[in-house]
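Take a look at the structure set out below.
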Amino acid sequence: MCYLSEGMAVNCTKRDIWIFLLVCVLFLSYHAYYNGRCQSPCEKRRQPLPSTYSRLVGITEASVLNTSEWYVACLGDRKESDSLQVGLNDVAILKEFPPLDKIDILVKQAFLRLSPEKANAFCANALLILKEESYWSLTVTERWKFALKIFATVGIRQRLPDVIGIGVKKSGSSALRLYLAHHPNIRLPDIYSEAHYFDWKYFMSNKESYMAMMPLLAEDEICYEKTPRYFVTSTAPTNIARDVSPRTKFVICIRDPVKRALSDWHHEQTLLIQRKNFSCVGCTALSEGIRFTEKILTKNGEVDSQSEFIDTSNYARHFEEWLQVFPFSQFFILKEEDIRNNPLPTLQKLEKFLGVPRYYKQEMFVYNSTMNATCFYEDDHELISCLRLQNALPHPEPNETVIKKMRDFFRPHNKRFEELTGMKFEWTDL
Ligand SMILES: Nc1ncnc2c1ncn2[C@@H]1O[C@H](COP(=O)(O)OS(=O)(=O)O)[C@@H](OP(=O)(O)O)[C@H]1O
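Its first residue numbered 6, the sequence shown is counted upward by one per residue in this note's numbering.
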């Protein structure tokens, strides 16, 4: 036994010293592990998978692996269905990084697009950092930061959009988005189809949260974000020039202003019904037409230029605001009827404008009459997705006099829009 002698000296046997040293080592290792790796309070960690290191040893012995095998070998696999259970809401995403499950899907999607060489490099870099730790034992935020860091080593980065679809609302922008989403060199924010950053989120959020919505991009990929309300948000042009880039490109879908206004009304009523504070049982095209008329005419029976349904269709007024900030060459304008009836030629011009390789072919666009939907087939003829053209609620049908009043109101604005764009529209002089 060790004891203190009268002269305060310590007398120990060799065995005691060894035991003492062993206890010290265990104690110090315990503290180093918890103080080094956990913040206080220590975040709850996910169930760890088998050691990444041993998985690396396993995979380096394998001769050829495809990208998904690399993914599993590197990071371990989790089923997407496991992770889709958490609901998202817009506000949560503004304050934090995108929530857990969407992040994992973003990472997986970006990983699966890597070439085998890049996947190999990604794994090597990832495992250097992870060492014995499991990727899935990291918290959400740690996982996201980790993934961004490792992707950067193989040239994949998050970037603010190169091109923004700014509208116009109800002019075929969702169909266009569907087509662009399948282009191999175009990536969209995977979380929301519409970011709504430069309209309603701008004043309660920051640039980092906008960036957090963006996809992971390889060097030959561009980022496309679409939010149709930007077109009518007068602060958007200057804010985009400042926060994104003065060289940002824009895509605008344009539609007959009267049809657009009617579609807009239909859309707003559908949303009201969905939010369940409005009932439209027995609504007809005629009754909707009357309610629409009340909304767009003043008490004197004039077209109300302040009505949102009318103002959004005043393309010249809004486009002039954009042209004060960005040169015309940065805008690509598409006609809704082209997106609807014959998208290929327009999409090929758009590919050129965006500087991406040619991808679209005629056989990719198929109208499905049973579903009344436009469907998109990938190169290998696999059906990817369909977009319905209408839903159950009838579109409003105002009477002829109201339509004529709207046509008279829009005509000079349409002419001005033609002057601004150098384009011709069938509906300008109607
Ligand atoms: N190819 C194709 N597929 C599906 N839908 C198409 C297509 N082309 C145009 N449209 C019509 O575009 C209208 C919806 O426009 P948006 O997608 O811009 O609406 S939104 O602003 O994003 O809510 C909506 O108009 P309405 O049906 O009149 O409401 C769609 O029918």
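Glycine included, C-beta positions come from ideal geometry on N, C-alpha and C.
Grouping DSSP H, G and I as helix and E and B as strand, with all else coil, what is L143? coil
Mind checking whether the beta-carbon of E341 lies closer than 7 Å to any heavy atom of ligand 1? yes
Proximity below 8 Å, CB of V168 to CB of Y320: no
With DSSP run on the structure shown, which of helix, strand or coil describes S268? helix
Just to check, is the beta-carbon of I344 closer than 7 Å to a non-hydrogen atom of ligand 2? This structure lacks ligand 2; the ligands present are ligand 1.
Give me, in chain order, the residues of the same chain whose beta-carbon lies closer than 6 Å to that of N404; leave out the 5 immediate sequence neighbours on both sides. none
Three or more C-beta pairs below 8 Å linking the stretch 324 to 343 and the stretch 174 to 191: yes
beta-carbon F285 near ligand 1 non-hydrogen atom, thresh 7 Å: Per the sequence shown, residue 285 should be read as Cys rather than Phe. It does not: the Cβ of C285 is nowhere closer than 7 Å to a heavy atom of ligand 1.
Is the CB-CB distance between L349 and F370 below 8 Å? yes
Whole-angstrom C-beta distance between K136 and Y76, which should lie under 8 Å: With a Cβ gap of about 19 Å, Y76 and K136 do not count as contacting.
I need the straight-line Cα distance from P121 to S214, nearest angstrom please. 32 Å
In terms of DSSP beta bridges, what is N373 paired with? A378
In the stretch 219 to 305, which residue ranges form an unbroken alpha helix (DSSP H) of at least 4 residues, counting only runs that do not cross its ends? 241 to 248, 262 to 279 and 290 to 301
Let me check one thing: in DSSP terms, what residues is C128 bridge-paired to? DSSP output for C128 lists no bridge partner at all.
Since I believe M218 is in contact with P194 (beta carbons under 8 Å), could you give me their beta-carbon distance rounded to a whole number of angstroms? 5 Å
Over what stretch of residues does the beta strand (DSSP E) that includes V407 continue unbroken? Here V407 belongs to no beta strand (DSSP E); instead the alpha helix (DSSP H) covers E405 to T426.
Run through DSSP, which three-state label would S214 get? helix
CA nearest to the CA of K254, picked from E138, E356, W432 and E402: E356
For I161, which option in S210, A124 and F381 has the closest C-alpha, if you only look at C-alpha atoms? A124
Distance, Cα to Cα, L435 vs V145? 56 Å
In terms of DSSP beta bridges, what is I191 paired with? I227
DSSP state of I161, grouped into three classes? coil
At which residues does the alpha helix (DSSP H) containing K340 begin and terminate? No alpha helix (DSSP H) contains K340, which is instead part of the beta strand (DSSP E) from F336 to K340.
Can you find a heavy atom of ligand 1 that lies under 7 Å from the Cβ of K123? no
Closest residue to V263 among A131, V159 and K410 (Cα-Cα distance): K410
For I408, tell me which candidate among L132, A186, D261 and F25 has the shortest Cα-Cα distance. D261
Using the Cα positions of E48 and Y202, report the straight-line distance between them to the nearest angstrom. Residue confidence for E48 is low, a pLDDT of 35 falling below 50, so the modelled location carries little weight; the figure read from the coordinates is stated next. Cα to Cα, the separation comes out at about 31 Å.
Could you pull the start and end residues of the beta strand (DSSP E) that G170 belongs to? V168 to G172
Using the C-alpha atoms, what's the distance from A131 back to T65? With a pLDDT of only 43 at T65, under the threshold of 50, the placement of this residue in the model should not be trusted, and no figure is reported.
Straight-line CA distance for V308 to I315? 8 Å
Near ligand 1: S374 beta-carbon under 7 Å from a heavy atom: no
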